[in-house]
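What follows is the structure in structure tokens.
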């Protein structure tokens with residue numbers, strides 16, 4: 162790599178810091194963690210925080226209310242409730258933590274082994290688990306504590322075993338799913354021992370559910386231990402615990418509510434904190450594996466092998482194919498990167514283009530060229546780990562890359578809408594179509610129920626669905642793929658966006674339905690006056706809908722211009738090769754379908770010079786020596802190639818022969 166493209170290595174992100182940062186974004190979960198930490202610390206530091214022991218009697222102040230001397234009041238013997246609450250919390254919380262530890266320690270190995278091993282091992286484990294689930298836990302515990310009354314530790318261990326079966330089931334599911342992943346199959350084929358696969362891969366993926374179940378198990382264990390103590394199977398009098406305090410408080414409720422309130426509130430706060438902590442951990446686990454949108458823009462330096470920025474002559478690829486007047490969207494030198502173990506990996510670099518109001522533009526290229534990343538960046542819908550790391554996106558008055566909070570909501574609602582590849586991603590399986598669309602319409606327009614329902618029917622008519630009223634009453638599973646995509650389009654246009662982004666909207670549909678959806682998009686774009694950005698790898702699809710094309714390869718824009726010009730006179734060898742691969746070009750059925758040799762280089766493996774050079778028939782040493790800038794070869798026609806005239810001439814000759 163030459164000096165012009167040399168990059169500064171960045172250290173890999175600390176996974177623990179990343180997880181902690183994601184958790185702290187959840188205000189409720191963070192508050193719950195702080196609350197639990199304060200309560201636990203106060204209980205175990207009770208001798209330092211209180212004066213006198215929990216059994217110090219003051220009959221002259223029995224059942225007194227809160228005061229400066231007794232912050233929570235006193236019980237029937239005049240003992241300070243706050244002191245007893247803190248000392249009693251030590252026993253109660255310790256028992257709950259022991260039960261939770263035993264439950265998790267028993268359940269996790271069983272669930273992981275059952276899910277990964279399968280077969281008879283899975284059947285045996287699940288049979289035992291089902292038997293455990295059928296046992297009445299409280300009845301069993303009453304028998305245990307009655308039989309082994311002098312061994313409270315044994316009772317807690319037994320309770321841990323009783324709480325393990327639900328956790329086994331919740332761990333087995335993710336383990337079973339991980340077993341079917343391709344990387345696990347590859348590890349098995351490579352001869353990696355099962356023990357190592359379980360510890361390195363399976364346990365890592367089930368860690369989120371394990372932590373969630375651990376938090377919930379602790380909350381349930383707390384309720385059980387307090388319940389047993391309430392029934393008289395807790396700490397021996399006069400030693401306090403929360404269950405015995407609640408029992409004593411219930412006996413004097415008519416005289417003073419404070420003994421009951423103090424224990425009940427403490428129990429409720431800790432239980433609520435544990436549930437909220439589990440909820441926060443679940444959100445972090447889901448975000449880590451399902452791809453939630455990135456929330457902010459961060460500074461970034463490219464990792465080795467990533468070319469971002471300038472060519473060898475210090476020039477930038479700033480060519481802008483759209484006139485400045487009536488420009489709706491402008492991208493300038495936009496780079497998108499995703500987090501990786503060795504640092505950020507750039508998937509799109511220095512992308513610049515504009516879209517005018519009402520214009521239809523296509524981004525064309527093979528899978529892995531960065532098309533969807535750019536379109537998602539415009540909509541600010543990048544999945545987890547993806548960020549806009551350089552450049553600017555200007556949409557009218559919005560500086561898209563810096564939007565947060567309410568301004569980001571307004572942008573997504575009023576300026577841009579996104580149609581995904583899979584039509585079902587736009588639908589909620591628990592809601593009828595009409596209810597879903599009504600909620601979207603009412604969210605920003607302030608319409609009444611009747612007005613919103615009328616607007617829903619209008620939307621369904623706009624997307625040319627027969628029987629709009631009947632469709633509005635259906636659930637997503639009752640729809641065909643074409644109907645689902647039409648409803649996805651209806652959802653996208655419900656907010657009257659100025660730009661509609663369609664990310665390969667016809668990929669999951671058959672040919673007949675594809676044509677109908679494309680015609681619908683074109684007519685809606687004209688009727689509503691919105692701009693359209695279509696992401697596709699199919700020139701036939703692009704030709705039906707768009708006026709201008711942007712061709713991307715390996716994360717960079719290699720050619721852009723009017724579609725009619727590019728289709729007949731491509732200036733980049735990649736564009737020419739894509740056009741040559743169209744089945745419609747085959748005249749002789751006996752000839753094989755043309756293909757482009759090789760494949761798109763993965764991010765981080767891009768060459769210093771032209772990224773298409775290894776697959777190009779026209780490449781020279783000069784192509785590989787330095788980055789290639791975008792240059793104009795005609796009116797509103799730019800290309801990233803050193804031999805554009807030669808490419809165009811040869812493509813024309815091939816077309817004429819065909």
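In this note's numbering, the protein residues as written are 162 to 819. Even for Gly, the Cβ is constructed at its ideal location relative to N, Cα and C.
May I have the straight-line CA-CA distance separating residue 529 from residue 369, to the nearest angstrom? Looking up residue 529 in the chain shown gives position 368. Looking up residue 369 in the chain shown gives position 208. In a straight line, the C-alpha of residue 529 is about 30 Å away from that of residue 369.
Could you pull out every residue in the same chain whose Cβ sits closer than 6 Å to the Cβ of residue 276, ignoring the five residues on either side in sequence? Numbered from 1 along the chain shown, position 115 holds the residue referred to as residue 276. 333, 336, 337.
If you measure between the beta carbons of residue 153 and residue 617, is that distance less than 7 Å? The question about residue 153 has no answer, for the chain in this structure spans 162 to 819.
Less than 7 Å between CB atoms is the rule here; does residue 403 satisfy it with respect to chain B? The structure shown contains no chain B, having only a single protein chain.
Within the continuous beta strand (DSSP E) that includes residue 360, where are the two ends? Taking the first residue of the chain shown as position 1, residue 360 is located at position 199. Per DSSP, residue 360 belongs to no beta strand (DSSP E) and is neither H nor E.
Assuming residue 799 and residue 701 form a contact by the criterion Cβ under 8 Å, report the distance between their Cβ atoms to the nearest whole angstrom. Stepping through the chain shown from its first residue, residue 799 is reached at position 638. Stepping through the chain shown from its first residue, residue 701 is reached at position 540. With a Cβ gap of about 24 Å, residue 799 and residue 701 do not count as contacting.
With distance defined between alpha-carbon atoms, name the residue in 257, 299, 362, 442 nearest to residue 378. As a first step, residue 378 must be located in the chain shown, where it is residue number 217. When each option's Cα is compared against that of residue 378, the closest is 257.
Roughly how many whole angstroms lie between the Cα atoms of residue 399 and residue 564? As a first step, residue 399 must be located in the chain shown, where it is residue number 238. As a first step, residue 564 must be located in the chain shown, where it is residue number 403. So the alpha carbons of these two residues sit roughly 60 Å apart.
Less than 7 Å between the beta carbons of residue 548 and residue 518, yes or no? What you label residue 548 is simply residue 387 of the chain shown in a count that begins at 1. What you label residue 518 is simply residue 357 of the chain shown in a count that begins at 1. Contact: no.
Once the 5 residues before and after residue 738 are set aside, which same chain residues still bring their CB inside 7 Å of it? Taking the first residue of the chain shown as 1, we reach residue 738 at position 577. If we look at residue 738 and ignore the five residues flanking it on each side, its Cβ neighbours are 757.
Whole-angstrom C-beta distance between residue 387 and residue 375, which should lie under 8 Å: As a first step, residue 375 must be located in the chain shown, where it is residue number 214. As a first step, residue 387 must be located in the chain shown, where it is residue number 226. In fact, because the Cβ distance is near 19 Å, the residues do not count as touching under 8 Å.
So, residue 703 versus residue 523, is the Cβ gap smaller than 7 Å? Here residue 703 is taken as the residue at index 542 of the chain shown, counted from 1. Here residue 523 is taken as the residue at index 362 of the chain shown, counted from 1. In this structure, residue 523 lies closer than 7 Å to residue 703 by Cβ.
Are residue 643 and residue 670 close, meaning C-beta to C-beta below 7 Å? Reading the chain shown from its first residue, position 482 is the one you call residue 643. Reading the chain shown from its first residue, position 509 is the one you call residue 670. For residue 643 and residue 670, yes; Cβs fall inside 7 Å.
Exposed or buried, residue 419, counting other C-beta atoms within 10 Å across all chains shown (16 or more means buried)? Within the chain shown, the letter at position 258 stands for residue 419. The residue is buried, with at least 16 neighbouring Cβ atoms inside 10 Å.
Do three or more CB pairs link the stretch 706-720 to the stretch 760-779 at distances below 8 Å? yes
Ends of the beta strand (DSSP E) at residue 798? Within the chain shown, the letter at position 637 stands for residue 798. Counting along the chain, the beta strand (DSSP E) containing residue 798 begins and ends at 798-800.
Using the three-state DSSP reduction, which class does residue 698 fall into: helix, strand or coil? Locating residue 698 in the chain shown gives position 537, where the first residue counts as 1. Correct three-state label for residue 698: coil.
For residue 685 and residue 454, the rounded distance between their alpha carbons: One-based indexing of the chain shown puts residue 454 at position 293. One-based indexing of the chain shown puts residue 685 at position 524. Only weak support is given to the placement of residue 454: the predicted model assigns it a pLDDT of 43, under 50, and the value that follows is read from those uncertain coordinates. Looking at the two C-alpha atoms, the distance is approximately 28 Å.
Can you tell me which of 759, 546, 291, 290 puts its alpha carbon nearest to the alpha carbon of residue 502? Position 341 of the chain shown holds residue 502. Considering only alpha carbons, the answer is 546.
Helix, strand or coil for residue 130? Go by DSSP, reduced to three states. Residue 130 lies beyond the range of the chain shown here (162 to 819); nothing can be said about it.
When DSSP labels each residue in this structure, what does residue 494 get in the three-state scheme? Position 333 of the chain shown, counted from the first residue, corresponds to residue 494. Looking at residue 494 - three-state DSSP - the assignment turns out to be strand.
Taking the alpha-carbon positions, what's the residue 694 to residue 558 distance? To locate residue 694, count along the chain shown from 1; it is residue 533. To locate residue 558, count along the chain shown from 1; it is residue 397. Roughly 19 Å separates the two Cα atoms.
Taking the DSSP output, what are the residues bridged to residue 241? The residue you call residue 241 lines up with position 80 of the chain shown. DSSP, once it has assigned bridges, lists 235 as partnering residue 241.
Using only CA atoms, which one of 415, 390, 279 lies nearest to residue 224? Start at 1 with the first residue of the chain shown, and residue 224 comes out as number 63. When each option's Cα is compared against that of residue 224, the closest is 415.
Which one or two residues does DSSP pair with residue 560 in a beta bridge? On the chain shown, position 399 is the one that residue 560 refers to. Partner(s): 555.
In whole angstroms, what separates the C-alpha of residue 494 from that of residue 535? Counted from its first residue, the chain shown places residue 494 at position 333. Counted from its first residue, the chain shown places residue 535 at position 374. Those two C-alpha atoms are separated by around 11 Å.
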